[in-house]
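Numbering (my numbering), first residue to last: 257 to 443. Ideal placement from N, C-alpha and C gives every residue a C-beta, glycine not left out. Below is one structure, written out as structure tokens, with a few remarks after it.
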Amino acid sequence: RRPGMVEAIHKEIRGLCQLGTFELVKMPDRQRPIDSRIVLKTKYRADGTFDKDKARLVARGFLAKMGVDYYSTFSPMASLTAVRLLCSLALHRKDPLRHMDVPQAFIQSQIDATSYLKLPLGIYVERDGRRHTVVRLVKALYGLKQSPQLWNKMLTEFLVKQCGLVRGKSETSMFYKHQDGKHLIVL
């Protein structure tokens, strides 16, 4: 084991605690926790030199049960045709085209079902001298079946209510706004 990997695991768990991803509560007797794993990865820079060790806590969502741990999973995704059309439109009109990424996107959204997560062996959260190995999820986590849908709901609500964009009718992952002769299209 490399010390960098151990530090990456500590950083991941600390970060999830700081973001309020889970609560330390006693799990009800009849509840079954979802198992989890730590996924480790070594990141490299473009020139091939070492950048950092990265760890991510991932739920083993394939063990979750429909109607118990989650209720729905559908989340629209932009079609390749829509992406090509938007790129062509921007090129034709000489409009700027931007790409963005939301770090830890799934963890930004609130979970919609009561779910408990069993932390991987050797990982625990300590509070008041007590080690917690099972936590109640407050926010979605990578690996859960409903995470993409929860993120999409939150993003859609933000784009429509906060930004005033209109959702496309035939391409539901496209949002647009026209104002003062200018336009914005988000895909």
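Just mark G378 as buried or exposed, buried being the case when its beta carbon has 16 or more other beta carbons within 10 Å. Taking the sequence shown and counting its residues from 1, one reaches residue 378 at position 122. Result: exposed.
Beta-carbon separation (whole angstroms), I290 vs R316, contact threshold 8 Å: By one-based count along the sequence shown, residue 290 stands at place 34. By one-based count along the sequence shown, residue 316 stands at place 60. 6 Å between Cβ atoms; contact.
Where the beta strand (DSSP E) through R383 begins and ends: Mapped onto the sequence shown, residue 383 falls at position 127. It spans 381–383 - the beta strand (DSSP E) in which R383 sits, taken as one unbroken run.
Residue range of the unbroken alpha helix (DSSP H) whose run includes L406: Counting from one through the sequence shown, the residue named residue 406 turns up at place 150. Its alpha helix (DSSP H) spans residues 403–413.
Hey, would you say H388 sits closer than 8 Å to V381, going by beta carbons? Translated into positions along the sequence shown, residue 388 becomes position 132. Translated into positions along the sequence shown, residue 381 becomes position 125. Result yes, Cβ atoms of H388 and V381 sit closer than 8 Å.
Between the region 357–369 and the region 279–290, do three or more beta carbon pairs fall short of 8 Å? The region 357–369 vs the region 279–290: no contact.
Would you tell me roughly how many angstroms separate the C-alpha atoms of L296 and S328, rounded to the nearest one? Within the sequence shown, residue 296 is the residue found at index 40, counting from 1. Within the sequence shown, residue 328 is the residue found at index 72, counting from 1. Using only the alpha carbons, I get a separation of about 29 Å.
Limits of the alpha helix (DSSP H) - the one that H434 falls within: As a working note, residue 434 is residue 178 in the sequence shown. Here H434 belongs to no alpha helix (DSSP H); instead the beta strand (DSSP E) covers 431–435.
Minimum C-alpha distance to G276 - residue among V416, K433, A396: The count along the sequence shown starts at 1 and reaches residue 276 at position 20. For G276, the nearest C-alpha among the options comes from A396.
Can you list, in chain order, the residues of its chain with a C-beta nearer than 7 Å to that of V339? Leave out the 5 residues immediately preceding and following it. As a first step, residue 339 is located in the sequence shown; it is residue number 83 there, counting from the start. Only residues of its own chain outside the window of five on either side were considered, and among them L443 have a CB closer than 7 Å to the CB of V339, listed in chain order.
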